[in-house]
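S.K.:
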Amino acid sequence: MAKTGYYGEYGGAFLPEILIPTFKELEQEFARIKSDPGFWKEYVHTMSTYSCRPTPLTYAENLTKHFAGAQIYIKREDLNHTGAHKANNVIAQGLLVKKMGKRRVIAETGAGQHGVATATMAAKYGFECTIYMGEVDVLRQRPNVFWMEQLGAKVVAVKDGSRTLKDAMNAAFRDWAANMDSTHYVLGTASGPHPFPEMVSYFQSIIGQEAREQILKYAGKLPARVFACVGGGSNAMGLFGGFMDDPVELVGVEAGGKGLESGLHAARLASDQATVGVAQGYKTYFLQDDDGQMRETHSVSAGLDYVGVSPILAHLSETGRVRFAAATDTEVVEALKLCMRKEGLIPALESAHAFVQAFKEASELSRDECIIINQSGRGDKDIFTVADAIGDPQWEKFICNKAEEYKNA
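All you need for the working numbering is the position in the sequence shown, starting with 1, plus 795.
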């Protein structure tokens, strides 16, 4: 018999004793709302009036012609309120927090999209809000920090370790352990201790449910393959969830950073450099050294720069249900530029990883087949990173002039 919260050998809840009652309460509340059709109805209604759901499925006519292969469709999670699929999870958890009677929420964030979404949810429902963010990510995602603070959240720059997402997650767990009676931790991805992987995947499954219905309506058939980027795994689990029982190939794309051979990446399942371990309260593949210490990761996209991966995806990789690939930083910027020029769409750097692999494979398929790419977020937040990568002199001049204005003000 499978153990609760395990997916094969992965998952579980490895927790300090002080947190066990809090997790038991969360597990019971989640089980209760999952069996209540009224909760899902309330959730879908809220998203339809607050966050542009259902999000469109866009036919990428120009990219389809460019690659002369499969018909390319793009699921537009970037059109959610706050610009990413993150809204799906936080609004659902916000409804859950209201039912649990807690008044404070905390969260961790890498790219900042989950932080902005959580701060937005907290403002909507009147919760006190604290966001933990690695100091490195605070510096490279300043626009999102600005919005979190304007929405009323307190942003804490975490200066431990590599000062990125895993360190922000550790800091959030420490806060939760000290304030569990009043506080709910709005974990942003399908990772962490049980029940978070199952809960976040369940809330995000609205993406796949919609995409399946839309592709059958528009293309009259199921897609041959669906592509999603993978950091912790929430947008991938959301899209894949709609096609899990169908003859559809599921492809997850991780951050290849500067190349797998460089060691500077965040590819847990697409490389042979991760090993099974227990950290941050759950068991999965982590990029770690022989002593079990977490290695530093690298990606041009802060949201994929994470050392572990969803235990559900680790299991699906092992069983062969999901195929994994990695996209390098250079490939990601080139895919982003092509998508902008051909379709007028600006995917987030995270999402552009999925585009890279889809572009590699589209021409392998016949024109009678179709594929779906999940555009999990919009690229506005990445303007500084992308401008640096492209090396646009006019942007550099604008920034220098703006800095001079501030200096002389």
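Where is the CB? At the ideal position from N, CA and C, for every residue including glycine.
#1: Quick test of your reading: N939 and K1197, contact by CB under 8 Å. State the CB separation rounded to the nearest angstrom.
#2: Is C847 helix, strand or coil when you go by DSSP?
#3: Closest to M975 by C-alpha separation, out of L1160, P816, A1143, would be which residue?
#4: Nearest to L1133 by CA position, among N857, R848, L821, is which residue?
#5: Is the stretch 990-1001 touching the stretch 958-973, taking contact as three or more C-beta pairs under 8 Å?
#6: In this structure, how does DSSP classify Y1101 when only helix, strand and coil are distinguished?
#7: I'd like the span of the alpha helix (DSSP H) that includes V900, first residue to last.
#8: As a quick exercise: from K1012, Y997, V1046, Y1101, pick the residue whose alpha carbon is nearest that of G1027.
#9: Fully enclosed by the stretch 1019-1097, which alpha helix (DSSP H) runs are 4 residues long or longer?
#10: By the 10 Å Cβ neighbour count, where 16 or more other Cβ atoms means buried, how is D1124 classified, buried or exposed?
#11: Considering just the uninterrupted stretch of the beta strand (DSSP E) at V953, what are its terminal residues?
#12: Check for me: the beta strand (DSSP E) holding E1008 runs from which residue to which?
#13: Look at A1049 and V1025 and say whether their C-beta atoms are less than 8 Å apart.
#14: Within the continuous beta strand (DSSP E) that includes M975, where are the two ends?
#15: What runs of the alpha helix (DSSP H), each 4 residues or longer, lie entirely inside the stretch 855-895?
#16: Measure the Cβ-Cβ separation of K1155 and L1034 and say whether it is below 8 Å.
#17: Verify the contact flag: H989, CB atom, against every heavy atom of the ligand GTP, threshold strictly below 7 Å.
#18: Which residue comes first and which comes last in the alpha helix (DSSP H) that contains G910?
#19: Please determine, among G1047, P1018, E824, P1042, the residue with the shortest C-alpha to C-alpha distance to N1030.
#20: Taking just the CA atoms, how far does L810 sit from L960?
#21: If we call anything under 8 Å between Cβ atoms a contact, is V911 one with M928?
#22: Return the Cβ separation of Q999 and M1039 in integer angstroms, given the expectation that the two are a contact with Cβ distance under 8 Å.
#23: Could you say which of A902, A918, T984, R1063 lies nearest to A952 if we only look at CA atoms?
#24: Three or more beta-carbon pairs under 8 Å between the stretch 1125-1145 and the stretch 1157-1177, yes or no?
#25: Between V1104 and L1011, what straight-line distance do the alpha-carbon atoms span, to the nearest angstrom?
M.R.: According to the structure data:
#1: Contact doesn't hold; Cβ gap of about 18 Å is too wide.
#2: coil
#3: P816
#4: It is N857.
#5: no
#6: coil
#7: That residue, V900, is in no alpha helix (DSSP H); its beta strand (DSSP E) goes 899-904.
#8: Y1101
#9: 1029-1035
#10: D1124 comes out buried.
#11: 949-953
#12: Looking at the DSSP string, E1008 is not in any beta strand (DSSP E); the run it does join, the alpha helix (DSSP H), is 991-1013.
#13: Here residue 1049 turns out to be Glu, not Ala, going by the sequence shown. Going by C-beta atoms, E1049 is nearer than 8 Å to V1025.
#14: For M975, no beta strand (DSSP E) encloses it, and the DSSP letter there is neither H nor E.
#15: With a minimum length of 4 residues, the continuous alpha helix (DSSP H) runs that stay inside the stretch 855-895 are 856-862, 881-895.
#16: In this structure, L1034 does not lie closer than 8 Å to K1155 by Cβ.
#17: In the structure on display, the ligand GTP does not appear, and there are no ligands present to speak of.
#18: 908-920
#19: G1047
#20: 19 Å
#21: no
#22: 13 Å between Cβ atoms; not a contact.
#23: A902
#24: They touch, by the three-pair rule.
#25: 31 Å
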